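**Student:** In the order they appear, the protein sequences are chains A and B. The opening position of the first sequence corresponds to residue 1 in the numbering used here, with each subsequent residue numbered one higher. The opening position of the second sequence corresponds to residue 1 in the numbering used here, with each subsequent residue numbered one higher. We put the beta carbon where it would ideally sit given N, CA and C, even for glycine. In this text, all values refer to a predicted model and were calculated from it rather than measured experimentally.
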Amino acid sequence: MKIELNWLNDYTDVAGITPQEYADAMTMSGSKVETVEQKGEDIKNVVTGKILSIKQHENAEKLVICQVDVGNGTPLQIVTGAKNLHEGDVVPVALHGALLPGGVKIKKGKLRGEVSEGMLCSHEELGLTPEELGYEPEYGILILKPDTKIGIDIKEVFGMEETIVDFEITSNRPDCFSVIGLARETAATFQRPFHLETPKVEANSENAADYAAVTVEAPDLCSRYSARIVKNVTIAPSPTWLVKRLNALGVRSINNIVDITNYVMLEYGQPMHAFDLRDLDNHHIIVRRAKDGEKITTLDKVDRILDSSMLVISDESKAVAVAGVMGALNSEVKDDTTTILFESATFDPVSVRITAKKLGLRTEASSKYEKGLDPYNTVPAVDRACELVNLLQAGEVVGGMIDVHSELPKPRHIPFRPDRIRSFLGIDVSMEEMIRILEKLECKVDLDHMDIVPPSFRPDLEIEADIAEEVLRFYGYDKVPSAVISGETTRGFRTEAQRLWQRIANVAVACGLYEIKTFTFTDPNIFDKLNCEDDSEYRNCVKIANPLGAENSVMRTIAYGSMLEVLARNYNRRNEEAKLFEQAKIFIPTSDDDELPIEKERLSIGMYGPDVDFYTLKGALEEIFLSIGIKNYDFEPMTEGGTFHPGRTAMVSVEGEICGIAGEIHPMVLKNFDIGTRCYIAEIDFDLLLKYSTFERQYKPMPKYPAVARDLSILINDGIWAAHIKNIIVKNGGKILDNIRLFDVYKGSQLPENTRSMAYSLTFRADDRTLTDGEVNEAMERIVKALQTEINARLR
Amino acid sequence: MMQEQLDRIKREALDVLKKTSLPEELERIRVEFLGKKGKLTAILRGMGELSPEERPKIGALANKVREEIEKELEYKKTEAEIKKQNEKLKKEVIDVTMPGRRLNTGTLHPLTQIIQEVEDIFIGMGFELAEGPEVEKDYYNFEALNIPKNHPARDAQDTFYINDNILLRSQTSSVQIRVMENNRPPIRIIAPGRVYRSDALDATHSPVFYQIEGLVVDKGITMAHLKSCLEDLAHSLFGEDVRIRFRPHHFQFTEPSAEVDFSCFACGGKGCNVCKGEGWIELLGAGMVHPRVLQNCGIDPDVYSGFAFGVGVERIAMRKFNIDDLRLLYENDVKFLKQF
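1) Against chain A, with Cβ distances strictly below 8 Å, would Lys335 of chain B count as a contact?
2) Using the rule of at least 16 other Cβ atoms within 10 Å of the residue's Cβ for burial, across every protein chain shown, is Leu795 of chain A buried or exposed?
3) What residue does the beta strand (DSSP E) around Arg228 of chain A start on, and which one ends it?
4) Strictly by DSSP, which residues pair up with Pro192 of chain B?
5) Measure from the C-beta of Asn575 of chain A to each C-beta in chain B and report whether the shortest distance is under 8 Å.
6) Give me the Cβ distance between Ile257 of chain A and Val333 of chain A, rounded to the nearest whole Å; I'm assuming they're in contact under 8 Å.
7) Closer than 7 Å, Cβ to any Cβ of chain B: which residues of the stretch 471-483 of chain A, in chain order?
8) Could you say if the stretch 570-578 of chain A and the stretch 603-622 of chain A meet the contact criterion of at least three C-beta pairs nearer than 8 Å?
9) Taking the straight line between their C-alpha atoms, what separation do you get for Lys14 of chain A and Leu246 of chain A?
10) Would you mind reading off the limits of the beta strand (DSSP E) that contains Val669 of chain A?
11) Please list, in chain order, all residues of the same chain as Pro415 of chain A whose beta carbon is under 7 Å from its beta carbon, the five residues on each side excluded.
12) When you compare each of A:Thr755, A:Phe457, A:Ile783, A:Ala722 to Leu737 of chain A by their alpha carbons, which one comes out closest?
13) Looking only at its own chain, which residues have a Cβ that is under 7 Å from the Cβ of Lys368 of chain A, when we skip the five neighbours before and after it?
14) Does the stretch 228-239 of chain A touch the stretch 323-340 of chain A, meaning 3 or more C-beta pairs lie closer than 8 Å?
15) Please classify Val260 of chain B: does DSSP put it in a helix, a strand, or coil?
16) With DSSP as the reference, please indicate the residues paired to Met431 of chain A in a beta bridge.
17) Kindly list the residues whose CB is nearer than 8 Å to the CB of Lys110 of chain A, restricted to its own chain and excluding five residues on each side of it in sequence; keep chain order.
18) Beta carbons nearer than 9 Å to chain A: which residues of the stretch 214-236 of chain B have them?
19) May I ask which residues mark the beginning and end of the alpha helix (DSSP H) holding Val14 of chain A?
20) Smallest Cα separation from Val484 of chain A: which of B:Glu231, B:Glu314, B:Met288, B:Gly312?
21) Does the separation of the CB atoms of Met26 of chain A and Thr163 of chain A fall below 8 Å?
22) Any idea if Met702 of chain A is buried or exposed, counting beta-carbon neighbours within 10 angstroms, 16 or more meaning buried?
23) Establish whether the CB of Ile177 of chain B and some CB of chain A are separated by less than 8 Å.
24) Using only alpha-carbon positions, find the residue among B:Met318, B:Asn322, B:Pro152 that is nearest to Phe251 of chain B.
25) Helix, strand or coil, according to DSSP, for Ser171 of chain A in the structure here?
26) Pull up the distance between the alpha-carbon of Met265 of chain A and that of Ala323 of chain A, whole angstroms please.
27) Chain A partners of Thr107 of chain B, CB-CB under 8 Å?
28) Can you give me the C-alpha to C-alpha distance between Ile586 of chain A and Arg602 of chain A, rounded to a whole angstrom?
29) Can we say the stretch 179-191 of chain B touches the stretch 317-331 of chain B, given the rule of at least three CB pairs closer than 8 Å?
30) When the Cα of Gly220 of chain B is compared with those of A:Ala209, A:Ser423, A:Ile152, A:Ser317, which residue comes out closest?
31) Inspect the CB distances between the stretch 346-360 of chain A and the stretch 307-315 of chain A and report whether three or more fall short of 8 Å.
32) For a contact meaning CB atoms closer than 9 Å, what does Pro799 of chain A contact in chain B?
33) Closer than 8 Å, Cβ to Cβ, to anything on chain B: give me those residues from the stretch 542-560 of chain A, in chain order.
34) How many angstroms separate the CA atom of Asp767 of chain A from the CA atom of Gly748 of chain A?
35) Please state whether DSSP places Ser536 of chain A in a helix, a strand or coil.
36) Measuring CB to CB, does Ala682 of chain A end up less than 8 Å from Gly656 of chain A?
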């Protein structure tokens, strides 16, 4: 909501307050100032001047030489190329040393040998828009009205010395969408007087009811409809003061009657409409629901189709306005209009909001209505419109008013408990101070019953807490002291899941992984890029009804799509290596649309780089598992591909439960993501980690007896997994086998084809004695024999 | 007679010792004087010829001479060793200005770092951590927070919907309701989480971002408690000198409501480019829990009161780390992540 600062002087007094002081104080009392615009600051030394004579420049065909009277007795000679000038025109003259918008400086000079003592200006050079002028000026120099005074500052002519303050008004304060509402806040903020006079209308002795009738068929959507009639209307331009006020707030002047409706809307916050009475069939206004498919052409010349949820203003045959949104072209005020009906009504906020949304037509009026307007405001507003008709001599106001309304809201009584307000806010403010503040806001304070009756234009004041806020706003939010919370002490803590995530994240970071954060919604096409089966369960996603775009239209069901995108971005930005992890949320739809989807968390790890292979990925996972007390985990080869490499991927399980996947990404998928290097990704179900993790640790005594170490080097055929070999060794090593370490794997030309050599270091130890060579030899023999018979291993 | 001999040996030994420092020389001297065939040993051998009265006297003297020589020998030996070691160390000089062998740890995402920092501050004040779903019912995100369907206050938050009743939560305030439905006061929770708004991604907006919600409900909670709590947050995050300022505002679920500014930690409030000359930085929204919200959760507003606040994590991170483009936080370029 914009206001022009000087306009406030109609109701209060802002003298002696600088724009900055004004903005700061209003912000601190709750009317947040977004911007303060000082109009005309960038224009200096431009005055009005009258063209005394025009003669052709002798040395330049396209230039003329003007003698211009700028009101100081000595005409100036100014050379110009403009074609639209006539002797006697009043024009803006930039004098020597003048400043124009955009930082342009004007200096005396010579043009083709002729002295030019300034410049004549177009509206563009003055930074004026057709909206601000109220008309589209002809091309060339801006020609002012012939009666404009000569020698005055151009800013005076166009009201360019205004201060426009733009407020952010919150949705609970419909009253502040008006100059009067903000004047009231201003008066309360600066503790200055506030005066609002009841409009005085000079009307004839006729009765409006003899001219028109109003029937409200939908009182649930229209609680009040007030109307007055003006006859013998003369449609004419508005006077300059009115045009200036409208322009200052960005409203274009149309004609006196339309301008009056807009002026009252700005001033009172009450949207108004003027109908040409002769266009209303049988002069009968009917407020009713629209028929499904009913057509209307609104003032913006767009044909619109209505439905029965919308409210229209109609006459006996047709709709003449979409209630609270926009009037129809069929009944607008025209140049030859003679009798008008002013509408000032209260419509249901939700209905107006839905209608405006459905029609895609948010107007100044609809945005006011949807916040809920005061039904007590319709009569003063329509009277004010008629008062302006009197003032502008725009017509003859017919006596009486048509005012149809259902039961009007009764004043609310809110208990006034100063002690409770003080203790709720934690401030020490006297009752007298509270009363002073509340009365300034036009609340009635009844000390006999200790209650407060807020004014009708403050629907937001409903309960004690609302009263407390009013007190605090003007007592000063910044005066709230600070006090440490007392009372029962509580224990602060993270949940078990959060603690586990913290541990996992810390270990991941220690392993050299960087944490990433990605968007949780994705593109449904990602499943094609990931080479998922057509009937893959991943494709069943929670869909966003109003996404920003297809690429963000479904909630992800797996985390590695996002991970691959991030790896791709890093790869394409020429980062040599990326090792990443994410605490990733996924969303699994349920069959019932009214139920929330299941949200699950995944540990997602992804990496590529010169020193990265499957075992780097696996190593990181193992570090994480072990750090959270999970010792019993398995990586089993997975051959079915899709997203992953069929020969380099493992199904990961913990305590026998499948908990995820870890592997190299399939080259086809890498290509789909424009990645030119091998990538490794793991995705692990966090719930299972939470289920099996433990932070309990039991100390095991240090070994007392020495260990015996033996190396074992075997040649085996490809296709025998290390896990299998380890199992055979463990099974046959007996109780004294303490540790197995695979320290070398070799495959090469010195070995037979399709074989590899694996070298283990085995440690034997007993808790209660020093082992003898015999015991260890026996164990080694059992191991070797088993390896030979079970997997055809050959000793090397 | 023997006494003189002993004195002479002593002087002779100390004399030669003084002139040398080579380890092999020292050993030769030791043998010459103290060895089995050494000069002192030779003298002691002649002790048998002495009278019984003289024997202990000379014996004591001889021992003293031996000790003195040994002591001097030991001293010279240590001196020689130190010298030798120093020479060796001199040759072992390395270039300590060469880069270290990095162990290459990773980093936590800057947003995680801020979230954990804020969590720790509030855990210290006795707050419990709470969570709620991101795909949420309209009821928890709006209706129970005093924002009915078709209320203009919904305009402030462009919301992604799944259907008429389910949406992507637009604020972590939804967690307030879930907590209050299932817990009785005293309640002190903090709820960090991801929220969604239908804003296109640019330097200052993201359709996905993080908020941290705080809620305290108990008997006798006042706005002054809110202020103290947020002052603690401000001091912990940005330093003891930071001041906070309440400004009136409107939220449907708090009354009174406030926007909270922190004095600019870069300029201390004088105005600079970090705070765009304002001296203050708007960082969070807060207020006293609206009595109707308490009622919706079955908490009697005549007995209990509470405060709530919500803070944008990206906003803190961008201010604290001087990040000028929000998109960097979600691009996850390792060149960026490495800086934290």
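**Tutor:** Walking through what the data contain:
1) Taking the first residue of the second sequence as 1, we reach residue 335 of chain B at position 335. Residue-level contact by beta carbon holds for Lys335 of chain B and chain A, with a gap shorter than 8 Å.
2) Residue mapping note: residue 795 of chain A aligns to position 795 of the first sequence, counting from 1. Leu795 of chain A should be labelled exposed.
3) As a first step, residue 228 of chain A is located in the first sequence; it is residue number 228 there, counting from the start. Arg228 of chain A -> beta strand (DSSP E) spans 222-231.
4) Here residue 192 of chain B refers to the residue found at position 192 when the second sequence is read from its first residue. DSSP output for Pro192 of chain B lists B:Ile212 as bridge partner(s).
5) Against the first sequence, residue 575 of chain A aligns to sequence position 575. Contact with chain B is found for Asn575 of chain A, since one of that chain's Cβ atoms lies less than 8 Å from the residue's Cβ.
6) The sequence position of residue 257 of chain A within the first sequence is 257, counting from 1. The sequence position of residue 333 of chain A within the first sequence is 333, counting from 1. Their Cβ separation, rounded to whole angstroms, is 5 Å, which keeps Ile257 of chain A and Val333 of chain A in contact under 8 Å.
7) Flagged, chain order: Leu472, Arg473, Tyr477, Asp478, Val480, Pro481, Ser482, Ala483.
8) Because the criterion of three Cβ pairs below 8 Å is met, the stretch 570-578 of chain A and the stretch 603-622 of chain A touch.
9) Sequence index remark: in the first sequence, residue 14 of chain A carries index 14 (1-based). Sequence index remark: in the first sequence, residue 246 of chain A carries index 246 (1-based). Per the sequence presented here, residue 14 of chain A reads as Val, with Lys not at that position. Between the alpha carbons of Val14 of chain A and Leu246 of chain A lies a gap of roughly 20 Å.
10) For the purposes of this step, residue 669 of chain A is identified with residue 669 of the first sequence, where counting begins at 1. Taken as a continuous stretch (DSSP letters only), Val669 of chain A belongs to no beta strand (DSSP E), being part of the alpha helix (DSSP H) at 667-672.
11) In the first sequence, counting from the first residue as 1, residue 415 of chain A sits at position 415. Closer than 7 Å at Cβ, skipping near neighbours: Met450, Asp451, Glu464.
12) Against the first sequence, residue 737 of chain A aligns to sequence position 737. By alpha-carbon distance to Leu737 of chain A, the top candidate from A:Thr755, A:Phe457, A:Ile783, A:Ala722 is A:Ile783.
13) As a first step, residue 368 of chain A is located in the first sequence; it is residue number 368 there, counting from the start. Only Pro174, Phe177, Gly269, Pro271 meet the Cβ criterion.
14) By the Cβ test, the stretch 323-340 of chain A is in contact with the stretch 228-239 of chain A, since at least three Cβ pairs between them sit closer than 8 Å.
15) Locating residue 260 of chain B in the second sequence gives position 260, where the first residue counts as 1. Reduced to three states, the DSSP call for Val260 of chain B is strand.
16) The residue you call residue 431 of chain A lines up with position 431 of the first sequence. Note: Met431 of chain A sits in no beta bridge, so no partner.
17) In the first sequence, the residue the question calls residue 110 of chain A occupies position 110. Excluding sequence neighbours, Lys110 of chain A sits near Ser116.
18) Sequence-ordered contacts of the stretch 214-236 of chain B with chain A read Val216, Asp218, Lys219, Gly220, Ile221, Thr222, Met223, Ala224, His225, Leu226, Lys227, Ser228, Cys229, Leu230, Glu231, Asp232 [C-beta pairs closer than 9 Å].
19) Indexing the first sequence from 1 puts residue 14 of chain A at position 14. Per DSSP, Val14 of chain A belongs to no alpha helix (DSSP H) and is neither H nor E.
20) As a first step, residue 484 of chain A must be located in the first sequence, where it is residue number 484. It is B:Glu231.
21) Locating residue 26 of chain A in the first sequence gives position 26, where the first residue counts as 1. Locating residue 163 of chain A in the first sequence gives position 163, where the first residue counts as 1. Here Met26 of chain A is not near Thr163 of chain A, since their CB atoms are 8 Å or more apart.
22) Counted from its first residue, the first sequence places residue 702 of chain A at position 702. Per the 10 Å Cβ criterion, exposed.
23) Within the second sequence, numbered from 1, the residue matching residue 177 of chain B stands at position 177. Chain A, which has no Cβ nearer than 8 Å to the Cβ of Ile177 of chain B, makes this no.
24) Counted from its first residue, the second sequence places residue 251 of chain B at position 251. For the residues B:Met318, B:Asn322, B:Pro152, the minimum Cα distance to Phe251 of chain B belongs to B:Pro152.
25) The sequence position of residue 171 of chain A within the first sequence is 171, counting from 1. Residue state, collapsed to three classes: coil.
26) What you label residue 265 of chain A is simply residue 265 of the first sequence in a count that begins at 1. What you label residue 323 of chain A is simply residue 323 of the first sequence in a count that begins at 1. Going by C-alpha positions, Met265 of chain A is about 15 Å away from Ala323 of chain A.
27) Against the second sequence, residue 107 of chain B aligns to sequence position 107. Chain A residues near Thr107 of chain B: Val509, Tyr514, Glu515.
28) The count along the first sequence starts at 1 and reaches residue 586 of chain A at position 586. The count along the first sequence starts at 1 and reaches residue 602 of chain A at position 602. Ile586 of chain A and Arg602 of chain A have their alpha carbons spaced roughly 7 Å apart.
29) Contact fails between the stretch 179-191 of chain B and the stretch 317-331 of chain B, because fewer than three Cβ pairs, one in each stretch, are under 8 Å apart.
30) For the purposes of this step, residue 220 of chain B is identified with residue 220 of the second sequence, where counting begins at 1. Selected option, being the one with the closest Cα: A:Ser423.
31) Yes, the stretch 346-360 of chain A is in contact with the stretch 307-315 of chain A.
32) Residue 799 of chain A lies beyond the residue range present for chain A, which begins at 1 and ends at 796; the question has no answer from this structure.
33) So the close ones are Val542, Lys543, Ile544, Ala545, Asn546, Pro547, Leu548, Asn552, Met555.
34) Taking the first sequence and counting its residues from 1, one reaches residue 767 of chain A at position 767. Taking the first sequence and counting its residues from 1, one reaches residue 748 of chain A at position 748. Those two C-alpha atoms are separated by around 41 Å.
35) Start at 1 with the first residue of the first sequence, and residue 536 of chain A comes out as number 536. Secondary structure at Ser536 of chain A: coil, using DSSP grouped into helix, strand and coil.
36) Translated into the one-based positions of the first sequence, residue 682 of chain A becomes position 682. Translated into the one-based positions of the first sequence, residue 656 of chain A becomes position 656. In this structure, Gly656 of chain A does not lie closer than 8 Å to Ala682 of chain A by Cβ.
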